[in-house]
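Numbering (the working numbering), first residue to last: 21 to 541.
All C-beta atoms, glycine included, are put in the ideal place defined by N, C-alpha and C.
Computed from a prediction, not measured in an experiment: that's the story for all the values here.
This is the structure in structure tokens:
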């Protein structure tokens, strides 16, 4: 059951996008929410109480979206089928997803290492965790082999009978709740929409709707046993939707150690393949990648160029793309930052072409959306990088600031950044890490990051025990200094004690920015 107080909160978090199946535009429903509220609440509760999802709400318009602009549009597998469903359907799904997520979280049944479709989890937190593990291993003069696995049409091949059985047996979902999910999945229809043309409706017997509210959550629950299989093999891993990262460390000087770990990887991959075959999922062999990470000295001892697993030959790559980040063998991030800067400069040039037709506020909005947001995305990984790489990103921010004010290239940048209230790139990186550290201390970050941070507790009563300090770990190399587990306590302990003692995240972020801004400017 949901109340009339719950429904507006759910609707306000949803997109205003309208599906062609909707009789009324979504923005109009939102603007007249008080008038529609009793009707929407009644429909939601009627569906939940009777365990019936009406057939009219199980129709979907599939819009093919090309995955990347550089891909060949003539190849069908380069498209992602996005399901557009009626607005009321999304409201009901959101209510169910909220309750289902709460049930799974409270009973601690979610996979700890799955970062997709979970509050407080993101690609950045997943990458910070993986980078932290890898950097600590590299700091101990070890190498790390990282394998990226990708599923083919993962959402579309799920067997619904297996999903229902898994929800019942593994998660203990029964009765009306399970009956509703079964009704939600059965007799779904879809048609393809390209521009204004639509195909005839087709009954979809497999998969969960990609682009729906509930579909991604059901996919995560469906693939939960995959994490158990990998964990049992002793491999380290991290999941993000249908992307799987497997990695292990080894001493490159010891050939037996390398061979033993490769055999463990092969066995683990075989078990993954068998599980996927049983569960009607398929690995995309074309997107399976392998990279060996390590220091320059350790990489000299690596003498293998590929790994054979069954009939699959996985060759090592000098760079790979891992959920949006370009990684190279020494983790220097040079390739990623070069790509980032090229994209941002392209957007700056495009905005400059129409700058004469924009006022300052509109320009600032565009710059934030197309440039600054890109600079801030996953910038927690940039901590400790060489100054020349940080300077490259700083030059992009400088160009963006000059664009807002129509300033020349020789104009001094500090007054412009101060007026815009923009922190320089290096300080933005520290701000991101400190904010994430605050969440870890107060339990607002993912569990896999929370456990990396421990409070300082002296062996005897000292005044320092009331100052909210963190335990520090010493690094042996500059690579180790970049690890979150080492960098976060150092930055945190440098803050003034009153700032470390703030209880609210919003208050902390506001005061932290003010402190850093005043200290720098």
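Using the three-state DSSP reduction, which class does residue i fall into: helix, strand or coil?
i	result
residue 476	coil
residue 111	helix
residue 346	strand
residue 44	coil
residue 95	coil
residue 509	helix
residue 128	coil
residue 103	strand
residue 405	coil
residue 496	coil
residue 19	Residue 19 cannot be examined here, being either before or after the span of the chain that is shown, 21 to 541.
residue 318	helix
residue 490	strand
residue 414	helix
residue 134	strand
residue 234	coil
residue 303	strand
residue 21	coil
What separation, rounded to the nearest whole angstrom, lies between the Cα atoms of residue i and residue j?
i	j	result
residue 273	residue 255	20 Å
residue 80	residue 310	37 Å
residue 76	residue 106	9 Å
residue 167	residue 160	21 Å
residue 356	residue 181	42 Å
residue 22	residue 61	7 Å
residue 507	residue 465	16 Å
residue 316	residue 307	26 Å
residue 57	residue 26	10 Å
residue 474	residue 490	6 Å
residue 83	residue 231	10 Å
residue 408	residue 358	12 Å
residue 470	residue 492	15 Å
residue 428	residue 422	7 Å
residue 405	residue 143	20 Å
residue 260	residue 376	42 Å
residue 123	residue 246	21 Å
residue 74	residue 289	41 Å
residue 217	residue 535	56 Å
residue 488	residue 321	44 Å
residue 269	residue 164	4 Å
residue 38	residue 51	14 Å
residue 300	residue 292	12 Å
residue 33	residue 497	45 Å
What's the call for residue i, buried or exposed, on a 16-neighbour Cβ count within 10 Å?
i	result
residue 208	buried
residue 135	buried
residue 431	exposed
residue 338	exposed
residue 516	exposed
residue 239	buried
residue 91	exposed
residue 459	buried
residue 257	buried
residue 265	buried
residue 344	exposed
residue 94	exposed
residue 141	buried
residue 502	buried
residue 97	exposed
Check whether the Cβ atoms of residue i and residue j lie closer than 8 Å to each other.
i	j	result
residue 452	residue 410	no
residue 271	residue 119	no
residue 111	residue 201	no
residue 361	residue 391	no
residue 42	residue 170	no
residue 175	residue 233	no
residue 133	residue 476	no
residue 296	residue 302	yes
Does the beta carbon of residue i come closer than 8 Å to any beta carbon on chain B?
i	result
residue 93	Among the protein chains of the structure shown there is no chain B, as only one such chain exists.
Next on the checklist: My parser needs the beta strand (DSSP E) runs of 3 or more residues fully inside the segment 153-231; what are they?
Outcome noted: Runs found: 163-170, 208-214 and 222-224.
Next on the checklist: For a minimum of 4 consecutive residues, which ranges assigned as the alpha helix (DSSP H) are wholly contained in the segment 241-292?
Outcome noted: 244-253
Checklist entry - Hey, which unbroken runs of the alpha helix (DSSP H) at 4 residues or more fall wholly within the segment 320-399? => result 354-373, 380-387 and 393-396
Item to check | Contained beta strand (DSSP E) runs [length at least 3] in the segment 50-87, N- to C-terminal order | outcome: 79-86
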